[in-house]
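Peer 1: Residue numbers (the numbering used here): 5 to 625.
Every residue gets a Cβ at the ideal spot worked out from N, C-alpha and C, and that includes glycine.
Being a predicted model, the structure only gives us computed values, none of them experimental.
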């Protein structure tokens, strides 16, 4: 990377290798790209995006550039080059501005963190980035373009709340607070914080101050402030902060009234008891660590989902203990040795729970029961098989099944969230007109992106299948089969479609990002063939047959909103019909079109068979 240079002044003469400086607001850092007339500046928004990615330790960044700010560009920091995926041109870039040792170390640490997170090399060059996806270029060799929504400009609190350093410091403070709670419980014997040593007071106030500031920053980061109540973690943290501040406010009047010197009445003692309970509730802050441990969080969610099954199992065990407690109480009346052990139904239930369910010293109790009563011995063994070997093992099986199911759903949710985030990031850069839709000519450029191919492969989607569905995705639908998401699209699509069919012109529609995401999710390898897929196949064949009938040569017929041509032929009178007597050229045309439809149907059937085979292979695993 070239050495950092001083920020050029707008009044001083520009260097000989650079063009005259463009009028732009003053910035701390400037990024430039090489033009044939010299280096030119990126605009302010692009410079901020590039610098943010550079300081995060990213190996490359995507952005829109060009005269109309509609051309996708990719910048690689290791090579300091700009790559145009459309023209395949490379241009050198450079950075002008301060670059301190602290910034370099920060980039290095962030780069190592992203390497551990993504598994990619920390210093990935352009050649490494594209050589790993060389095969995808051969498989997806088509023309190109793409689309997406504009970027929301975040505020200061939003940038702080989303930064990795803020998250790291918060986790560190939570860990220190959990450790401090144990130290405070061992060394601080004061009943209230106001009577503790100054060191304990300072530590408590520092923790309280940080958590209050953190909560305020997270609250200001919401674009709509009322959305904060939809975030369960924010509500949880807000409750803990209120309790932490409330502990100080509750104990202050008690300390001022002298209740700590033994002069407190019943009301003051109740306040002190509430304050101690509030101190114990602060232990709930340790739960925040589960947010950064997905595996532990999945287990906790599994336990919550299994609470009903656990309750029913425990109720069944309680009923079993009650029934056998009554039996042992009545049968032990005749034995002087067993009467103290089963003197009451409650005592009998406790005995059976400890020795029959938990198997505590069962080898010592069975010989005693055998000497006194063979019937009670057999009943005791039956109880062991029912409670310990059956109910408890059934409880373990239920927990394992529920936790596994919840963990699988959680992993699926995180995978889908990661897929949508990465795809939207790519679409943002390739967006041209900011209409949040993808057209057919833009779809192939998107599929030529190597990172797009890598994201789809990691998610389990075959990129070739997605490319093969290009014609189906962007084919104009009939009015009854769906409504376009584009408000500018004309309502009389059926007339335009029929006219284009007769004229031999193929029109294509554009799909929204949500529809594109839904298509990608449906093409995942682990998914099975659903009824929805069969219905889509039948509807596609029906539409193709209708279009084929519209293209039959013969007398031109006006387009109406009446029944389809096939229905008109089937229900018509016995008069002459040109559609039933097509010419030789018409028959050849119908035969060729029918052969194409049969080939497409066979291809779709093979794909459905492949999906079912994958589902059978994934199912037992």
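#1: Identify, in the order they occur along the chain, each residue of the same chain with its Cβ nearer than 8 Å to the Cβ of residue 524, setting aside the five sequence neighbours on each side.
#2: Give me the DSSP bridge partner(s) of residue 42.
#3: Use the C-beta contact count for residue 167: other C-beta atoms within 10 angstroms, 16 or more gives buried, fewer gives exposed.
#4: Using the three-state DSSP reduction, which class does residue 311 fall into: helix, strand or coil?
#5: Using three-state DSSP, classify residue 541 as helix, strand or coil.
#6: What did DSSP end up calling residue 170 once you bin it into helix, strand or coil?
#7: Taking contact to mean at least 3 C-beta pairs separated by less than 8 Å, is the stretch 383 to 402 in contact with the stretch 349 to 369?
#8: State the DSSP-derived secondary structure class of residue 240, mapped to helix, strand or coil.
#9: Residues bridged to residue 78 by DSSP?
#10: So is residue 269 buried or exposed if we call it buried at 16+ other beta carbons inside 10 Å?
#11: What runs of the alpha helix (DSSP H), each 4 residues or longer, lie entirely inside the stretch 377 to 443?
#12: Taking the alpha helix (DSSP H) that residue 219 falls in, what are its first and last residues?
#13: Taking three-plus beta-carbon pairs below 8 Å as touching, is the stretch 369 to 387 in contact with the stretch 328 to 346?
#14: Spatial neighbours of residue 93 within its chain, please: C-beta separation below 8 Å, excluding the five flanking residues on both sides.
#15: Return yes when the C-beta of residue 233 is under 8 Å from any heavy atom of the ligand NAD, and no when it is not.
#16: Taking the straight line between their C-alpha atoms, what separation do you get for residue 308 and residue 177?
#17: Nearest-angstrom Cα distance between residue 626 and residue 404?
#18: My assumption, with CB atoms under 8 Å, is that residue 96 sits in contact with residue 452. Please give the rounded CB distance.
#19: To the nearest angstrom, report how far apart residue 617 and residue 611 are at their CA atoms.
#20: Is the beta carbon of residue 65 closer than 9 Å to that of residue 78?
#21: If I'm right that residue 35 touches residue 51 with Cβ under 8 Å, what's the distance once you round it to whole angstroms?
#22: Under the assumption that residue 325 contacts residue 287 (Cβ atoms under 8 Å), give the Cβ distance between them as a whole number of angstroms.
#23: Drop a sphere of 10 angstroms on the beta-carbon of residue 467, count the other beta-carbons inside from all chains shown, and report buried for 16 or more, exposed for fewer.
#24: At which residues does the beta strand (DSSP E) containing residue 197 begin and terminate?
#25: Could you tell me the boundaries of the beta strand (DSSP E) in which residue 96 lies?
#26: State the Cα-Cα distance for the pair residue 476 and residue 607, rounded to the nearest angstrom.
#27: To test your reading of the DSSP string, which unbroken alpha helix (DSSP H) runs of 4 or more residues are found completely within the stretch 309 to 365?
Peer 2: The answer reads as follows:
#1: 423, 427, 460, 463, 465, 470
#2: 39
#3: exposed
#4: helix
#5: helix
#6: helix
#7: yes
#8: helix
#9: 66, 87
#10: Reliability of the predicted coordinates at residue 269 is poor, the pLDDT of 45 falling under 50, and no value is obtained from them.
#11: 378 to 388, 396 to 434
#12: 202 to 224
#13: yes
#14: 87
#15: In terms of ligand content, the structure shown is empty, and the ligand NAD therefore cannot be addressed.
#16: 27 Å
#17: Given that the chain is displayed from residue 5 to residue 625, the structure contains no residue 626 and the question cannot be resolved.
#18: Wrong, their Cβ atoms sit about 24 Å apart, outside the cutoff.
#19: 10 Å
#20: yes
#21: 5 Å
#22: Their Cβ separation, rounded to whole angstroms, is 33 Å, which puts residue 325 and residue 287 out of contact at 8 Å.
#23: buried
#24: No beta strand (DSSP E) contains residue 197, which DSSP labels as neither H nor E.
#25: 94 to 100
#26: 13 Å
#27: 311 to 335, 349 to 356
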